[in-house]
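S.K.: Input: one structure, supplied below.
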Amino acid sequence: MPSVFHLLPFFVAAWLFFCGLYGLVSSKHLVHSVICLAILQSSTYILLLGIGYRVGGTAPIFADIAPGTLTVDPVVQALMLTDVVVEAVVVALLLAMVVKAHEKSGTVSPDDLRTLRG
Amino acid sequence: MTAPSSLTPLPVAVPMLGAALMACLRKWLNRAAMDAMGILVAALTLTVSCLLLAKVIHAPSVYWFGNWSPRGPIVLGISFVADPISAGLAVLASTLTLLSLIFSWRLVDSGSNHFQPLMLIFLAAMCGFSLTLDIFNLFVFFELMSTAAFALCGLKTAEPAPLQGSFNFAVTNTIAAFLVLTGIALLYSITGALNMAQIGLAIGIRHDPLVLFAFTLLTCGFLTKGAVVPFHFWLPDAHAVAPTPVCVLFSGLMVQLGLVAVARLRFVVFAQTFAAHEGRLRAILLSLGLMTILVGGVMCYSEHHLKRMLAFSTICHAGMMLLAIALGGPLAFAAMLVYLLGHAFIKGGLFLTSGILLHRLRAIGERSLFAKGKDLKWTAALWFSGALGLAAAPPFLLMTGEAGISKTAEEMGKAWIPWLFMVGGGLTSAAVLRVGMHTFFGWGTEPITDEAAQIGELPETANEDQRIFWYQFAPAALCIAIPIVLAVMPGWLSILREASTIFTQQSAMAQLVYGNAMTTRPPGWSASLISAAVRGSAAFLAAILLALTSIFRMKLRRALRVGAFLESGLHPLRVLQSGHPGDYVLWLTFGLAMIGTANLILLRS
Amino acid sequence: MIWIGAGLLVLVAVSGWGVVRTRDVTSQVIALGFYGVLMALVFFFFQAPDVALSQITVGAVALPLMVMLAISRMKFRAASQRDKGERDA
Amino acid sequence: MPEATRTRLFLVFGGVFLLLFCYSVMDLPPWGDYRGPYGDVIARVGVYERHATDAVNAINYDYRAFDTLGEEFILFTAVLGVMMLLRREEGTATRDAGKVKDAMRLSTSVRTAAMPTILLTVVFGFYIGLHGQLTPGGGFQAGVILASVPFLLYICENTESFRRVTSHTCLEVIEASGAGAYVLIGLAPFVMGMPFLTNFLPLGTTGDVFSSGTIALISACVGFEVTAAFLLVGYTYLQEIITGEITEE
């Protein structure tokens, strides 16, 4: 089935986004939520990687190959690098919030941490 | 073509450098020195932004970072667009930051001197977000703005509520950021470009499911920042827990920048795509705006926690600005910016005043403030002027903006929009009036209250001195005064109108990017202020009546207790605001699915 | 050749679901580390060595490490609270 | 909202979202058929114009260096945020919660093996950082690798030396100066009348370690910042455990 095959990375990206959202909705532990957010984020990696890939293209490093050789897209890789940093950073910040919330209220369940209702 | 103004990167670079320097010296400087430095850097940013604005006021230009100007049709580098609108937003951002930093001088808890550098980074991010014309750079500044906002929101770590508020805020806005990034990736794959004007030209009139879905993702991402129903849940939680000076920036500009980004998408990136479906796109955005105004207005009136109340009023007004963007066209967009400007200062003034109340009276719930502020004459004056401003009554700037939006609406045969503005303005104004009459006059019986207002908010200022200082009062007074001054000197409106002609035209933007000669049409600002003044005053009068029915509810017959009913009778709507991150993500998914389906069905054919 | 890549992608999809469905946080960290390595392999396979290098350092090491540290800090706090309770009693 | 209702509702809306996503990506160019001009143009001209053989780093630190500046500040902000969230509030008492003792000494063979590992990691980190413009790698990756060294120390040696390496105010200064230096590198050409972040240094010989002008310089700044940033985050999380002091409620 060539058509499904040619869309595979995009379907995987959609699936990971869905997984992340599902995890966030059904989470019972704040650390679990944070990890689900990281999974949701990895959907964008796969999407960008799938977009920039080219069959037969080499990595865009011209140390050993002549300039002008067919390569995969370097721009999406630069975007992905930014994305990786953003992921690490968001996780670090959210974890700090979770740790602090645990220290202040002794719970890590989103169900018990609901002082802001209404 | 004029030479690109070399000042363009400074509104971003100056606060960034300042923040890095201050973070370096954090351990060695005392509070006053840090505050002074923060104020100095913010003032410097304001100066360079003003210089930039003055320079580009008649000659918008595009600035290429690293000197990478486009090669033929292909844009290589990142560009900032220096037009009066973007530079003006930078000026607004630095003014609000400066006022907030002055307000927090030595009194608001600074979290061991982390507060000032974070505020400066927030400022840099807002300036960058307004100026950039590169869609991935927009994402980077979106994320920088969010990161600084999450941190600032959790400043008061002494209680669990702030952490919960900032957690909800962080989760929803991070999802929004990845929606935006996914949209960017999809657009990149079909256009191979990241510059908005280039993307716009490359998409052309294409509107297959892919383009529609990318549009859905990008708009939903930015509408989450813009707190449009059903993406708005994070906003009241974040505002309830953030320190007052931070609330000023959140409500004054951060939320509205999300809407400005939607405008950029609509006018620059997807301009030709929806040219044939203009009416249907308008219908989708209008219905979102309508829902936002109603939910925001009603919830605003039913809140009793001052900051949450003001936060819902921001949602209501964000809905009004979305209406203006939905209408489209240069006049409506210029009017939206006028509205944004007026709203930013009025809302900033109201937040600062509530901060003064929190400092002086040590409470933020309506019931605990009841009749406590009888001797605070000047604070009361500010509060009631703010209420007048929110109703878009004369002499405030919101009236001018409302006039422009209503004129466009009437030209398009949507006569219900001015009425909707009156409803939204009236409801938010009535809520502010109700609190004012309770607090400063002590009228009526003890106010109704609710669960959320009962959380004792720890005062954010040090305990020993409860006087109101001039540096707390002056920023609030300035915030109320500026929209009046701007409204009585309408000379700048024609410049804004001219700039918005460029902003709302894809071809004009593309000409700027590719360095061709500009042709601007003679501008005109001809919206009838008199009918707007009448509408605004009527809304304000209605608001007074509504507030009075709430205050004297015990003396009224049951049928006349409209205000009391609005205050406590809307339980189902309040239940949705559950404070559970899972619920908020669910509603985000709901909005995404609905808007995506609507776009696909209505804009496809 | 590309079939191997496709296989890797399917593996990513499956293990992504696996990470989300793991409810015990400590096991989830292990799963996350595995997922990070898998992701880095995918990057490497699709000619993105730069990103693969960052992914292996961040996604497979730094991220699980941070989560581990956060969990251990919470556990330490809880344990010391318990100790204190016992001392006071 | 009860948990079951929420999950069920989500499966409906999330399902719609998933379907929309899958339906729309069918219009994408098929996988492995990248068409866009942007990447190809840079891959073609990058080596000649920038004397950098790694096109990704040429983009990251030159063509789109402004994005990377924003990215570094995201990192910087987050570290500030983490330190602020987990700070000791002034005036709160601390109590002793029992210091972690390095009671369990690792065997001599493990410790002998650890030292070369640490050295190797340091060397590898510097290699990755210095050759960023030539081969895969660069400041960011090097920073994360170098930041792992004190953690290796923590695992292999003892908490005391980890604490000595990481608890210094120096780290904060290094982190902030890394971020600040990036802005300064951007401002330097600005003072000379060129646009912000122009690569104003001589480009050197392609393939040389000191080639490609500001790319290497920015990469170094990023490396310093990232190393310090990750160490600060790690230390902040571990602070209570290794100092054995807990703030009282």
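Protein chains in written order, with my numbering: chain A, 1 to 118; chain B, 1001 to 1605; chain C, 2001 to 2089; chain D, 3001 to 3249.
Note that the Cβ used here is the ideal one computed from N, Cα and C, for glycine as well.
(1) Going by beta carbon distance, what residues of the same chain come within less than 7 angstroms of Y53(A), once the five residues before and after it are set aside?
(2) When the Cα atoms are used, what is the spatial distance from R3008(D) to D112(A)?
(3) Please report the distance separating the alpha-carbon of F3066(D) from that of L1327(B).
(4) Over the uninterrupted beta strand (DSSP E) stretch that includes A1082(B), give me the two end residues.
(5) Who are the Cβ neighbours of F1396(B) in its own chain at under 7 angstroms, not counting the five residues just before and after it?
(6) Less than 8 angstroms between CB atoms is the rule here; does S3024(D) satisfy it with respect to chain G?
(7) Does the Cβ of M1001(B) have 16 or more other Cβ atoms within 10 Å, making it buried, or fewer, making it exposed?
(8) Within the continuous beta strand (DSSP E) that includes W3031(D), where are the two ends?
(9) Do you know offhand how far T1400(B)'s Cα is from G1536(B)'s?
(10) According to DSSP, simplified to helix, strand and coil, what is Y1063(B)?
(11) Among the candidates A59(A), L16(A) and F11(A), whose CA atom is the shortest distance from the CA of F1178(B)?
(12) Are at least three pairs of beta-carbons, each pair with one atom in the region 1370-1379 of chain B and one in the region 1312-1326 of chain B, less than 8 angstroms apart?
(13) Going by the CB atoms, is the gap between A14(A) and L3018(D) shorter than 8 angstroms?
(14) With DSSP run on the structure shown, which of helix, strand or coil describes M1001(B)?
(15) Can you check which of these residues, L1290(B), F1250(B), F1274(B) and H1304(B), is closest to I1417(B) by C-alpha distance?
(16) DSSP three-state label for G1192(B), please.
(17) Check this for me: beta carbons of H945(B) and M3083(D), under 8 angstroms apart or not?
(18) Using a Cβ-Cβ cut-off of 6 angstroms (strictly less than) and excluding sequence neighbours within five positions of I1199(B), which residues of its own chain qualify?
(19) Just checking my contact of L1092(B) with L1478(B) at CB under 8 angstroms: how many whole Å lie between their CB atoms?
(20) In chain order, what residues of the same chain lie with their CB nearer than 6 angstroms to the CB of P2(A), ignoring the 5 residues before and after it?
(21) Please confirm whether G3207(D) and L3069(D) have their CB atoms less than 8 angstroms apart.
(22) Quick one: does L3171(D) have its CB under 8 angstroms from some CB of chain B?
(23) From M1509(B) to H1058(B), what distance separates their C-alpha atoms?
(24) Put G3132(D) into one of helix, strand or coil per three-state DSSP.
(25) Could you give the first and the last residue of the continuous alpha helix (DSSP H) run that contains P83(A)?
(26) Find the nearest neighbour of L1294(B) within the set S1605(B), L1570(B) and P1581(B), judged by alpha-carbon distance.
(27) Find the residues of chain B that neighbour M3083(D), judging by a C-beta separation of less than 7 angstroms, and give them in chain order.
(28) So, with DSSP's three-state summary, where would you put R1071(B)?
(29) Within this structure, are the beta carbons of L3203(D) and H3051(D) separated by less than 8 angstroms?
(30) Just how far apart, CA to CA, sit I3215(D) and M1336(B)?
(31) Grab the span of the alpha helix (DSSP H) containing L941(B) for me, first residue to last.
(32) Which word fits L1541(B), buried or exposed, when buried means at least 16 other C-beta atoms lie within 10 angstroms of its C-beta?
(33) With H, G and I counted as helix, E and B as strand and the rest as coil, what does DSSP make of I1448(B)?
(34) Could you tell me if K100(A) is buried or exposed, where buried requires 16 or more neighbouring beta carbons within 10 angstroms of its beta carbon?
(35) Comparing alpha-carbon positions, which option in A3114(D), E3245(D), F3140(D) and T3198(D) lies nearest E3225(D)?
(36) Just the C-alpha distance for Y3182(D) and R3111(D), rounded to the nearest angstrom, thanks.
M.R.: With the structure as the only source:
(1) Indexing the first sequence from 1 puts residue 53(A) at position 53. Excluding positions up to five away in sequence, the list reads V72.
(2) Taking the first residue of the fourth sequence as position 1, residue 3008(D) is located at position 8. Taking the first residue of the first sequence as position 1, residue 112(A) is located at position 112. If you take the alpha carbons of R3008(D) and D112(A), they lie about 21 angstroms apart.
(3) Here residue 3066(D) is taken as the residue at index 66 of the fourth sequence, counted from 1. Here residue 1327(B) is taken as the residue at index 327 of the second sequence, counted from 1. Answer to the nearest angstrom: the Cα atoms are 34 angstroms apart.
(4) Position 82 of the second sequence, counted from the first residue, corresponds to residue 1082(B). Unbroken beta strand (DSSP E) run through A1082(B): S1079 to A1082.
(5) Residue mapping note: residue 1396(B) aligns to position 396 of the second sequence, counting from 1. The residues are G1342, I1346, L1388, G1389, P1483, I1484 and A1487.
(6) Protein chains in the displayed structure are A, B, C and D, and chain G is not among them.
(7) To locate residue 1001(B), count along the second sequence from 1; it is residue 1. Low confidence applies to M1001(B): its pLDDT is 37, below 50, so where it sits in the model is not reliable, and the reading given next is rough at best. The residue is exposed, with fewer than 16 neighbouring Cβ atoms inside 10 Å.
(8) Translated into the one-based positions of the fourth sequence, residue 3031(D) becomes position 31. Element bounds for W3031(D): n/a, residue is neither H nor E.
(9) For the purposes of this step, residue 1400(B) is identified with residue 400 of the second sequence, where counting begins at 1. For the purposes of this step, residue 1536(B) is identified with residue 536 of the second sequence, where counting begins at 1. Going from the Cα of T1400(B) to the Cα of G1536(B) covers about 10 angstroms.
(10) Numbered from its first residue, the second sequence carries residue 1063(B) at position 63. Of the three classes helix, strand and coil, the one that applies to Y1063(B) here is strand, per DSSP.
(11) By 1-based counting over the second sequence, the position of residue 1178(B) is 178. F1178(B) has its Cα closest to that of L16(A), out of A59(A), L16(A) and F11(A).
(12) no
(13) Translated into positions along the fourth sequence, residue 3018(D) becomes position 18. Translated into positions along the first sequence, residue 14(A) becomes position 14. Contact: yes.
(14) Counting from 1 along the second sequence, the entry for residue 1001(B) is found at position 1. With a pLDDT of 37 at M1001(B), under the threshold of 50, the predicted position of this residue should be treated as unreliable, though the coordinate-derived value follows. Looking at M1001(B) - three-state DSSP - the assignment turns out to be coil, as it is neither helix nor strand.
(15) Within the second sequence, residue 1417(B) is the residue found at index 417, counting from 1. Per the Cα distances, L1290(B).
(16) By 1-based counting over the second sequence, the position of residue 1192(B) is 192. Coil at G1192(B), not helix or strand.
(17) The structure shown does not extend to residue 945(B), since chain B is modelled only from 1001 to 1605, so the question has no answer here.
(18) In the second sequence, the residue the question calls residue 1199(B) occupies position 199. These residues qualify, in order along the chain: L1187, T1191, A1193 and V1269.
(19) Reading the second sequence from its first residue, position 92 is the one you call residue 1092(B). Reading the second sequence from its first residue, position 478 is the one you call residue 1478(B). Not really, about 13 angstroms apart at Cβ, beyond 8 angstroms.
(20) If you number the first sequence from 1, residue 2(A) lands on position 2. In this predicted model, P2(A) has a pLDDT of only 49, less than 50, meaning its place in the structure is not dependable enough to derive any value.
(21) The residue labelled residue 3207(D) in the question sits at position 207 within the fourth sequence. The residue labelled residue 3069(D) in the question sits at position 69 within the fourth sequence. Not in contact: G3207(D) and L3069(D) (Cβ atoms no closer than 8 angstroms).
(22) The count along the fourth sequence starts at 1 and reaches residue 3171(D) at position 171. No, no contact with chain B.
(23) Numbered from its first residue, the second sequence carries residue 1509(B) at position 509. Numbered from its first residue, the second sequence carries residue 1058(B) at position 58. Between M1509(B) and H1058(B), the C-alpha separation is close to 15 angstroms.
(24) As a first step, residue 3132(D) is located in the fourth sequence; it is residue number 132 there, counting from the start. The answer is coil: DSSP assigns G3132(D) none of H, G, I, E or B.
(25) In the first sequence, the residue the question calls residue 83(A) occupies position 83. According to the sequence provided, residue 83(A) is Asp. The question's Pro does not apply to it. Unbroken alpha helix (DSSP H) run through D83(A): P74 to S105.
(26) For this step, residue 1294(B) is matched to residue 294 along the second sequence. Looking at the Cα atoms, L1570(B) is the closest of the given residues.
(27) To locate residue 3083(D), count along the fourth sequence from 1; it is residue 83. Those are H1114, listed as they occur along chain B.
(28) Counted from its first residue, the second sequence places residue 1071(B) at position 71. Here R1071(B) sits in strand by DSSP.
(29) Locating residue 3203(D) in the fourth sequence gives position 203, where the first residue counts as 1. Locating residue 3051(D) in the fourth sequence gives position 51, where the first residue counts as 1. Yes. Within cutoff.
(30) The count along the fourth sequence starts at 1 and reaches residue 3215(D) at position 215. The count along the second sequence starts at 1 and reaches residue 1336(B) at position 336. Straight-line Cα distance between these residues: approximately 42 angstroms.
(31) For chain B, the structure presents residues 1001 to 1605; residue 941(B) sits outside this window and is missing.
(32) In the second sequence, the residue the question calls residue 1541(B) occupies position 541. Counting Cβ neighbours within 10 Å, L1541(B) comes out exposed, since fewer than 16 surround it.
(33) Numbered from its first residue, the second sequence carries residue 1448(B) at position 448. DSSP places I1448(B) in coil when its eight states are reduced to three.
(34) Locating residue 100(A) in the first sequence gives position 100, where the first residue counts as 1. With 16 or more Cβ atoms within 10 Å of its Cβ, K100(A) is classed as buried.
(35) For the purposes of this step, residue 3225(D) is taken as residue 225 along the fourth sequence, with counting starting at 1. Selected option, being the one with the closest Cα: F3140(D).
(36) The residue labelled residue 3182(D) in the question sits at position 182 within the fourth sequence. The residue labelled residue 3111(D) in the question sits at position 111 within the fourth sequence. Each residue's Cα considered, the two are about 38 angstroms apart.
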